[in-house]
Amino acid sequence: MKFNELTIAAAQSMMEAGELTSLDLTKACLNAIKHKNKDLNICLLVDEIGALKAAKEADERRRNGDRGELLGIPFLVKDNIMTKNLKTTAASMMLKDYIAPYDATVVARLKKAGAILLGKTNLDEFAHGASTEYSAFGVTKNPWDKKKVAGGSSGGSAAAVASDFCLFALGTDTGGSVRHPASFCGVVGLKPSYGACSRFGLISMTSSTDVPGCLTKNSEDAYLVLKHILGYDPKDSTSLNNKKQLSSKLAKQSLKNLKIGIPKEISGLSKKVDSSFKKFKEDLKKAGAKIVLLDMPSVDYALAAYYIITPCEISSNLARFDGLRFGSSVKASKLSGSYEATREANFGPEVKRRIILGTYCLSAGYYEAYYLRAQKLRTKVINDFKKSFDKCDFIITPTTPTEAFEIAKKKDPLKMYLEDIFLVPASLAGLPALSIPVSKKPLPIGLQIIGNFLDEQRLLSVASAFEELAVDRSAQPNL
Amino acid sequence: MSLSAKDIRHIADLAKLKLTDKEVVQYRREISGIVRYIDSLAEVNVTREQATLRVSDLDHPLREDLAMDWAEDEKSIAIKAAPKNKNKFICVPRIFES
């Protein structure tokens, strides 16, 4: 086994035993990137010099007696998260040369814990998409089948973990952008509760549902990363002063008599996803869990509500790209002409689509019919979850209706939106949710587990127990 | 509901997006399709629901209106990110045209 294929926990115990240094581990990751990135288009930037320097410093810290779960562990960051002194492009021509002046709080916390920043990963432009095809810098290929998409919008981060470019990666999840590519790439993708982790330094998309999340090789690693990115940040007024801290160890949850809810509204699954989901349900029963069928009518309209709220917030958040203070700029004789020319030349088609849709929904006469109504539907979604959690401990769904689809095949934007059908309800309600692979071959299939608000501790415990029921767990993409 | 080319141009103008004729045709078709989809929400009864603008029960967090220190190196990168800058300032065009 190569060092870069290790989990965080395994690498940490090898470093502890003196069998591995952070420098060797970092070099193994950089080497994998060097050999495979051209083919897969996962990393938009690799900071080799910075990574090697940080690895040497981490080894020095260890020699001086310092310890930590992430000390010396290499990671990659989605390119819509600010990284000081490095380009942060959001995969847009608008920010193609933009250098971040500071680190996002989540990045700063990881660096402080001694984790090694390797570089930045590809995404759909400004995280608008579910396939990473909308990147201005080319599509990321799925490591399991290069003709297929990696999912999105954190497609680069998910593919990076699946390809062992790093031990973990950061992503962002607004309506499924961590969970979706995790499912397509056969890795674990965790979206924490809204407010659990700081949004400071994330390039804003939908401020009311954006959260940073992580992509890892298993749930235990997700737990280790979460422990370090969690917590109140005075720089994010929506971050929570959560007293419910994670305990030092992840205990495996017993499945006996655990009540698992399944919304009866789930439909439209591909044959393979359907049979895999059914099999998993049977395996859960055999392990002693109780399946509870849930009535969640809001599942049927949550997606439509999401695709009102999101474009509205995008049209407002992306107004800041005016070519004056940062980013690309096109000159014109008049100021308004300069705004228009800058935005016309530097926003891609999906970004423009969402800005137009959002501006329409917020424009005079439509606010109540769309935005306000969508926010009321959001209340219905939240209430459905509240009622459901009276009857069960966790809710499961397939992460996506199908396995990874072919590159350039999904042309209709509405069909792309439907990719998020099982993912947006948890986002609208701010609940923690994650995707774990339940089978990997020939293409990975993910299972989504949704927990109660701020109950990440139990969510990851149960995910860890579920992982043992998955088939071909140790399968790796053939790269 | 279907949007006209005039609607699309008007919205694009509000959003400061200049669209080509080809884009107007494309976005009119695509956005009309999406609007028809989200219009399905009109069937759901929400008369008894309050709007949820955010999920966590936060009070409006306010802080003192004070200037905070910002590291010099970060300040300098931020200023340099502006397409036009001079010394410690970002240069922007006039807003009012004579």
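Protein chains in written order, with our numbering: chain A, 1 to 479; chain B, 480 to 577. By construction, the Cβ of each residue, glycine as well, lies at the ideal position given by its N, Cα and C atoms.
Helix, strand or coil at residue i according to DSSP, with G and I counted as helix
{"i": "L532(B)", "result": "coil"}
{"i": "E406(A)", "result": "strand"}
{"i": "C166(A)", "result": "coil"}
{"i": "C487(A)", "result": "Any answer about residue 487(A) is impossible in this case: the structure gives chain A only from 1 up to 479."}
{"i": "A304(A)", "result": "helix"}
{"i": "K567(B)", "result": "coil"}
{"i": "C392(A)", "result": "coil"}
{"i": "P212(A)", "result": "strand"}
{"i": "L252(A)", "result": "It is worth fixing the name first, because residue 252(A) is Lys in this sequence and not Leu. K252(A) falls in the coil class under three-state DSSP."}
{"i": "I203(A)", "result": "coil"}
{"i": "N41(A)", "result": "coil"}
{"i": "S13(A)", "result": "helix"}
{"i": "D145(A)", "result": "strand"}
{"i": "L428(A)", "result": "helix"}
{"i": "V46(A)", "result": "strand"}
{"i": "T172(A)", "result": "strand"}
{"i": "P562(B)", "result": "coil"}
{"i": "V121(A)", "result": "Inspection of the sequence shows that residue 121(A) is occupied by Thr rather than by Val. It is a strand residue."}
{"i": "V107(A)", "result": "helix"}
{"i": "T132(A)", "result": "coil"}
{"i": "G358(A)", "result": "helix"}
{"i": "S435(A)", "result": "strand"}
{"i": "G156(A)", "result": "helix"}
{"i": "V187(A)", "result": "coil"}
{"i": "I33(A)", "result": "helix"}
{"i": "P181(A)", "result": "helix"}
Integer Cβ distance of residue i from residue j, believed to fall under 8 Å
{"i": "L498(B)", "j": "Y506(B)", "result": "7 Å"}
{"i": "I73(A)", "j": "F165(A)", "result": "Actually they are not in contact, since the Cβ atoms of I73(A) and F165(A) sit about 13 Å apart, beyond 8 Å."}
{"i": "A91(A)", "j": "F137(A)", "result": "6 Å"}
{"i": "S338(A)", "j": "V330(A)", "result": "7 Å"}
{"i": "T83(A)", "j": "K53(A)", "result": "Incorrect: roughly 15 Å between the Cβ atoms, too far for contact."}
{"i": "V188(A)", "j": "T216(A)", "result": "5 Å"}
{"i": "L170(A)", "j": "V46(A)", "result": "Going by Cβ atoms, the distance from L170(A) to V46(A) rounds to 16 Å, so no, they are not a contact pair."}
{"i": "T342(A)", "j": "S328(A)", "result": "6 Å"}
{"i": "I266(A)", "j": "T397(A)", "result": "6 Å"}
{"i": "S163(A)", "j": "A32(A)", "result": "7 Å"}
Top-ranked residue by Cα proximity to residue i, from the options
{"i": "G151(A)", "options": "C166(A), L284(A), D124(A) and S163(A)", "result": "D124(A)"}
{"i": "L269(A)", "options": "P437(A), F277(A) and N85(A)", "result": "F277(A)"}
{"i": "M1(A)", "options": "C29(A), E69(A), L284(A) and L70(A)", "result": "C29(A)"}
{"i": "P143(A)", "options": "P401(A), F466(A) and I407(A)", "result": "I407(A)"}
{"i": "N37(A)", "options": "S131(A), F3(A) and T140(A)", "result": "T140(A)"}
{"i": "A470(A)", "options": "V106(A), L447(A) and R458(A)", "result": "L447(A)"}
{"i": "K249(A)", "options": "A341(A), E69(A) and D300(A)", "result": "E69(A)"}
{"i": "A550(B)", "options": "A55(A), D103(A) and L40(A)", "result": "D103(A)"}
{"i": "A251(A)", "options": "S275(A), E456(A) and S474(A)", "result": "E456(A)"}
{"i": "A521(B)", "options": "P442(A), E368(A) and T216(A)", "result": "E368(A)"}
{"i": "D39(A)", "options": "K441(A), M94(A), G156(A) and S207(A)", "result": "G156(A)"}
{"i": "D393(A)", "options": "Y306(A), E340(A), Y194(A) and I260(A)", "result": "I260(A)"}
{"i": "F466(A)", "options": "C361(A), K256(A), I308(A) and C312(A)", "result": "K256(A)"}
{"i": "D24(A)", "options": "F280(A), L44(A) and A51(A)", "result": "A51(A)"}
{"i": "T526(B)", "options": "Q375(A), K281(A) and C214(A)", "result": "Q375(A)"}
{"i": "I382(A)", "options": "E350(A), R458(A), A302(A) and N80(A)", "result": "A302(A)"}
{"i": "I179(A)", "options": "I81(A), T400(A) and K334(A)", "result": "Reading off the sequence shown, one finds Arg at residue 179(A), where the question assumed Ile. Comparing Cα-Cα distances from R179(A) to each of I81(A), T400(A) and K334(A), the minimum goes to T400(A)."}
{"i": "E468(A)", "options": "E16(A), I436(A) and S154(A)", "result": "I436(A)"}
{"i": "L44(A)", "options": "E403(A), I8(A), T88(A) and A10(A)", "result": "T88(A)"}
Separation of residue j from residue i, as counted between CA atoms
{"i": "Q253(A)", "j": "G365(A)", "result": "51 Å"}
{"i": "L86(A)", "j": "V462(A)", "result": "37 Å"}
{"i": "G186(A)", "j": "P477(A)", "result": "9 Å"}
{"i": "N122(A)", "j": "F168(A)", "result": "15 Å"}
{"i": "D97(A)", "j": "K148(A)", "result": "29 Å"}
{"i": "E419(A)", "j": "K559(B)", "result": "40 Å"}
{"i": "A115(A)", "j": "S483(B)", "result": "53 Å"}
{"i": "K391(A)", "j": "L294(A)", "result": "8 Å"}
{"i": "A304(A)", "j": "K235(A)", "result": "32 Å"}
{"i": "I556(B)", "j": "S204(A)", "result": "20 Å"}
{"i": "L324(A)", "j": "L454(A)", "result": "39 Å"}
{"i": "A491(B)", "j": "G288(A)", "result": "56 Å"}
{"i": "A332(A)", "j": "E340(A)", "result": "9 Å"}
{"i": "N566(B)", "j": "A475(A)", "result": "56 Å"}
{"i": "K485(B)", "j": "V503(B)", "result": "9 Å"}
{"i": "K386(A)", "j": "R378(A)", "result": "12 Å"}
Any non-hydrogen atom of the ligand SAM closer than 7 Å to residue i Cβ
{"i": "F200(A)", "result": "The ligand SAM is not among the ligands present in this structure, which contains no ligands whatsoever."}
Cutoff 8 Å: residue i Cβ touching any chain E Cβ
{"i": "R488(B)", "result": "Considering every chain present, this structure includes no chain E. Its protein chains are A and B."}
Checklist entry - If you scan the region 437-471 of chain A from start to end, which runs of the beta strand (DSSP E) of 3 or more residues do you find wholly inside it? => result 445-450
* What are the uninterrupted segments assigned as alpha helix (DSSP H) that are 4 or more residues long and contained completely in the region 56-89 of chain A, given in chain order? -> none
> Quick one: complete beta strand (DSSP E) runs, 3+ long, within the region 262-345 of chain A?
Replying inline: 290-294
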